[in-house]
Amino acid sequence: MAKPNEIIDILRHSRHDWLNVMQLIKGNLALNRPERVEEIIHSVIQQSQNESKLSSLNIPALVADLFTFNWENHCYELEIEVIGDVKDLSHYENQLHDWYSQFIQLLDQCCDEGTENHLLVTFQLLEEEVKLIFDFQGQFKDISVIKSWFESPSSELLVIAEQEISVD
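Numbers 167 to 334, taken from the numbering used here, label the letters of the sequence shown in order.
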């Protein structure tokens with residue numbers, strides 16, 4: 167069980183997030199923009215469904231990191247998407263969590279703080295396989311560090327069928 171201070175901190179962050187959503191809705195209602203209110207509500211529903219599925223994957227350490235990521239100081243926002251039916255990934259938790267932690271540290275090092283950056287983490291829960299897709303949109307200070315990491319053995323995760331780094 168979490169310590170009381172941890173629970174209070176989690177509730178404080180959650181309350182802050184919900185107040186932001188309510189303020190967005192209230193502001194758009196005041197501006198007579200019902201279509202934007204519908205978009206916000208749809209987004210909240212979608213996020214809640216993704217979080218519900220993610221919570222059921224039996225990978226609590228990784229899920230906790232994903233849920234609390236945007237409460238920490240990073241130079242990019244994280245969004246989570248879960249596609250498909252829930253599966254038990256508990257067998258892979260340590261490997262997934264270690265890889266994710268290394269990758270996030272690398273992004274924190276290489277991300278350009280002066281630009282708007284976004285990371286979409288997609289769990290594709292297909293019948294025959296599970297895929298994790300990390301889609302980063304933004305700027306890096308030095309892309310060569312990212313490329314080198316992907317070429318190193320430490321970046322390997324289960325089976326990586328395809329790696330794509332696109333630089334514009």
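Note that CB positions come from ideal geometry on N, CA and C, so glycine has one too.
Is the Cβ-Cβ distance between residue i and residue j less than 9 Å?
| i | j | result |
| --- | --- | --- |
| Asp231 | Ser267 | yes |
| Phe302 | Val296 | no |
| Ile246 | Val287 | yes |
| Asp264 | Cys241 | no |
Measure from the alpha carbon of residue i to the alpha carbon of each residue in the options, then state which is nearest.
| i | options | result |
| --- | --- | --- |
| Glu243 | Glu279, Leu228, Ala227 | Glu279 |
| Ile299 | Gln275, Gly193, Ser218, Leu262 | Leu262 |
| Ile249 | Glu293, His240, Gln189 | Glu293 |
| Ile312 | His284, Ser214, Cys276 | Cys276 |
| Asp183 | Asp264, Phe269, Ile270, Phe233 | Phe233 |
| Ala227 | Ser214, Glu259, Asn198 | Glu259 |
| Trp315 | Leu195, His284, Leu272, Leu291 | Leu272 |
Using a Cβ-Cβ cutoff of less than 7 Å, which residues in the same chain neighbour residue i once the five nearest sequence positions on both sides are dropped?
| i | result |
| --- | --- |
| Asn236 | Glu243, Leu244 |
Which of the three DSSP states is assigned to residue i in this structure?
| i | result |
| --- | --- |
| Cys277 | strand |
| Val325 | Low per-residue confidence applies at Val325: pLDDT is 42, beneath 50, and the placement is therefore not dependable, though the value from the model is reported in the following sentence. Correct three-state label for Val325: coil. |
| Lys297 | strand |
| Gly250 | strand |
| Leu220 | helix |
| His240 | coil |
For residue i, which residues of its own chain have a beta-carbon under 8 Å away from its beta-carbon, when the five flanking residues on both sides are left out?
| i | result |
| --- | --- |
| Ser222 | Val252 |
| Val187 | Ile206, Val210 |
The region 171-181 / the region 190-209 touching (three or more Cβ pairs under 8 Å): no
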